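Throughout, the numbering used here is defined as the position within the sequence shown, counted from one, plus 3. Beta carbons are placed, not taken as given, at the ideal position from N, Cα and C, and that holds for glycine. Computed from a prediction, not measured in an experiment: that's the story for all the values here.
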Amino acid sequence: MKFISTFHISVLLFVLITFSACKESAPMVEDTAPVFDINKQVVSDSAMVVSAHPLATAAGLKILKKGGNAVDAMVAVHFALAVAYPRAGNLGGGGFMIYRDKTGISNTLDFREMAPSMAHKDMYLDTLGEIIDSLSLTGHLASGVPGSVEGMYVAHQKYGKLPWKELLQPAIDLAQNGLKVTEREVAAYNEHMWLFKEFNPHKNAFVKEAVWKKGDILLQKDLAEVLKRIQKEGRAGFYEGKTADLIVQEMKKTKGIISHEDLKNYKAVWRAPIQLEYKGYNIISMPPPSSGGICLAELFNMVEPYPMEKWGFQSAKSIHLFTEAARRAYADRTEHLGDIDFYPIPVEVLSSQAYADMRMQTYVDSIATPSDSISHGNPYAKESEQTTHYCVVDAEGNSISVTTTINSNFGSKVIVEGGGFFMNNEMDDFSSKPGVPNQFGLLGNEANAIAPYKRMLSSMTPTIVEKDGQFFMAVGSPGGSKIITTVFQVVTNVIDYQLPLKDAVHEPRFHFQWFPNLLYHEEGAFSESLLTELKALGHTPKSREAIGQVEAILRLPNGQLEGVSDIRGDDDARGF
Ligand code: GLY
4 MKFISTFHIS VLLFVLITFS ACKESAPMVE DTAPVFDINK QVVSDSAMVV SAHPLATAAG
64 LKILKKGGNA VDAMVAVHFA LAVAYPRAGN LGGGGFMIYR DKTGISNTLD FREMAPSMAH
124 KDMYLDTLGE IIDSLSLTGH LASGVPGSVE GMYVAHQKYG KLPWKELLQP AIDLAQNGLK
184 VTEREVAAYN EHMWLFKEFN PHKNAFVKEA VWKKGDILLQ KDLAEVLKRI QKEGRAGFYE
244 GKTADLIVQE MKKTKGIISH EDLKNYKAVW RAPIQLEYKG YNIISMPPPS SGGICLAELF
304 NMVEPYPMEK WGFQSAKSIH LFTEAARRAY ADRTEHLGDI DFYPIPVEVL SSQAYADMRM
364 QTYVDSIATP SDSISHGNPY AKESEQTTHY CVVDAEGNSI SVTTTINSNF GSKVIVEGGG
424 FFMNNEMDDF SSKPGVPNQF GLLGNEANAI APYKRMLSSM TPTIVEKDGQ FFMAVGSPGG
484 SKIITTVFQV VTNVIDYQLP LKDAVHEPRF HFQWFPNLLY HEEGAFSESL LTELKALGHT
544 PKSREAIGQV EAILRLPNGQ LEGVSDIRGD DDARGF
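See below:
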């Protein structure tokens, strides 16, 4: 496998710039060289890592080359993302892991954040019962108890091979020695600078006098110390002792309610995966408290009876069918889904073919069903969105698919003083008030109401697909409510439309979620004639910025692995 080295291009550019600068009237040469080598598509013989940042991908690859397995690489990638990709990579957030071992046994780990013990149903409402603007989105009260460190620790205890200490070292080196920031990261830091200042009067790594520029060095000494404590003490290095003290002190500055007890009591939970058959493939995804697996099952079950492959990739008929299925699945999400440990969810019924068939009885192929006339089914007779996904396949054939988040870009914008990491604003994923949409326009009811220790409903959809009992594909994405439909499109692009993985991931995407009744599509995704056809079918197309940021690994017919990272970010794939 060969990578085109941008190092040589950088050296050439440097020589050119220096040479030009020596000449009196030399024109200015803009530095367009990328900060890192980035691989959007790689084929390898035995192992692969795909993540949202090249340094995190490199950290995972290093661990695999040392003989580590997929879970060891996952831990290294996760902590490296917390340093190199702080908008979504995290210590102060949570996520979900799908694991499939080389023998085909699969398991999932829920390390979703949890409402603090002092949380209550009306905590974001004023005395008139109205939502207090932004309270669940920014500042100390927006955070749930973080789950990521516990998740990594527990997964490693169960499945890891290399010593824990070795897995933390790449992240510690990045935080301590600093890393160059890419153009995309610069844009994100500069755009959020006023918020970093507003919520963090203390000295921190992200606020500086001048604007950030591509290639500047991000040094995170406080974060390095936290990582060293986690390296030395495991989960206790975060949930107890000095780091816990720093989090609780930070909370006490304004209205935060996360206590020492909340941190100490946080537990990651092993849960049976959602599994469904689709056209001869077995799809393995995340059960509640993520809505991902159930909504994905509903979508696949609802579209399976129809010949989408004949109708064609992104044809009006296929998009219409998808929209109608999504309308019904997201209506169900609103009513029925939440934390299964607090609210009875009819998982089996909702993910069954019979239920999907019943829901599609009102489907008409010639006209869109108004969202007002669609409600949830009766299975008994909820800014910018930033999350991140990574996947690993190791040389033994074990695979992982992990989606992790602090919810919005840079979470609650609160950086723990002395700890150097962002806290999540995951409390906004609860339904603060029935009928009032959250930042993703998602609605929710009793199932997803706030309660102490309860986990907020998620859309994260880490997924592994099997064919004939063998690993076929690992896939996932950020994007809030758009995660589910993004994963659905990438899988159907491969299975139904037979697109090469690169196209399946890189082609433009669209999204629909019941309410708002808008068929979102990436700019330029739909031609004028397709837009006309969709409008004639009763849909309301609306263009928007990027939908999702996918990482995927596919097993090729010859047994090699293909890794594809999205063109919508600095995402990077590497293998050997
Ligand atoms: N915070 C986005 C999600 O979990 O769906």
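Item, Value
"Closer than 7 Å: ASN410 CB and nearest the ligand FMN heavy atom", "In the structure shown, the ligand FMN is absent; the only ligands present are the ligand GLY."
"Option in PRO455, PHE82, PRO437 and TYR456 with minimal Cα separation from ASN447", "Checking the sequence shown, residue 447 turns out to be Gly, not Asn. Ranking PRO455, PHE82, PRO437 and TYR456 by Cα distance to GLY447 puts PRO437 first."
"heavy atom of the ligand GLY below 7 Å from GLU116 C-beta", "no"
"With 16 other Cβ atoms within 10 Å as the buried cut-off, status of ILE556", "buried"
"Beta-carbon proximity check, TYR88 vs THR391, cutoff 8 Å", "yes"
"Endpoints, the beta strand (DSSP E) within which ALA576 is located", "575-578"
"Cβ of ARG103 within 8 Å of any chain D Cβ", "Absent here is chain D; the protein component of the structure consists of one chain."
"Residues near LEU266 in its chain [Cβ-Cβ closer than 6 Å; skip 5 each side]", "TYR242 and ALA247"
"Presumed contact (8 Å Cβ cut-off) between ALA55 and LEU94, rounded CB distance", "The Cβ separation is near 16 Å, so there is no contact."
"Whether PHE345 touches ALA454 by CB criterion (8 Å)", "yes"
"Of the listed residues GLU194, VAL184, ASN207 and LYS206, nearest to GLY218 (C-alpha basis)", "VAL184"
"Enclosing alpha helix (DSSP H) for ASN496 [first to last residue]", "485-498"
"Backbone CA spacing between LYS255 and PRO347 [nearest angstrom]", "35 Å"
"Identity of the residue in GLU280, LYS258, LEU504 and ALA528 nearest LEU140 by Cα", "LYS258"
"With 16 other Cβ atoms within 10 Å as the buried cut-off, status of MET155", "buried"
"Any non-hydrogen atom of the ligand GLY closer than 7 Å to MET51 Cβ", "no"
"Between the CA atoms of VAL45 and GLN563 - distance to the nearest angstrom", "10 Å"
"Pick from SER568, GLY572 and ALA191 that is closest to MET51, judged by C-alpha positions", "SER568"
"Pairwise C-alpha distance: ALA539 and ARG571", "31 Å"
"Simplified DSSP assignment, three categories, for LYS65", "helix"
"Proximity below 8 Å, CB of VAL148 to CB of GLU116", "yes"
"Which residues DSSP lists as bridging TRP273, in chain order", "LEU112"
"Span of the alpha helix (DSSP H) around LEU564", "From DSSP, LEU564 is part of no alpha helix (DSSP H) but of the beta strand (DSSP E) over 564-568."
"Rounded C-alpha distance that separates ILE7 from LEU138", "Confidence is the limiting factor: at ILE7 the pLDDT is only 38, short of 50, which leaves the residue's position unreliable and the question unanswerable from this model."
"Extent of the continuous alpha helix (DSSP H) run through GLU526", "Where GLU526 is concerned, there is no enclosing alpha helix (DSSP H), given that its DSSP letter is neither H nor E."
"Same chain only: Cβ atoms within 6 Å of LEU131, ignoring 5 sequence neighbours per side", "none"
"Contacting residues, own chain, Cβ-Cβ under 7 Å from SER374 (five flanking each side not counted)", "ARG330, TRP517, PHE518 and ASN520"
"Any alpha helix (DSSP H) of 4 or more consecutive residues that is wholly inside the segment 433-473", "none"
"Inter-residue Cα distance where the pair is HIS542 and LEU522", "7 Å"
"Where PHE241 sits in the DSSP three-state scheme", "helix"
"Beta-carbon contacts of MET635 that lie in its chain and below 6 Å, excluding the five residues immediately before and after", "An answer regarding residue 635 cannot be provided, because it is not within the stretch 4 to 579 covered by the chain."
"Cβ-heavy atom distance, ILE486 to the ligand GLY, below 7 Å", "yes"
"For GLU420 and LEU249, believed in contact at Cβ under 8 Å, the rounded distance", "7 Å"
"Collapsed DSSP secondary structure at GLN389 in the structure displayed", "strand"
"Range covered by the beta strand (DSSP E) that runs through LYS313", "Here LYS313 belongs to no beta strand (DSSP E); instead the alpha helix (DSSP H) covers 311-314."
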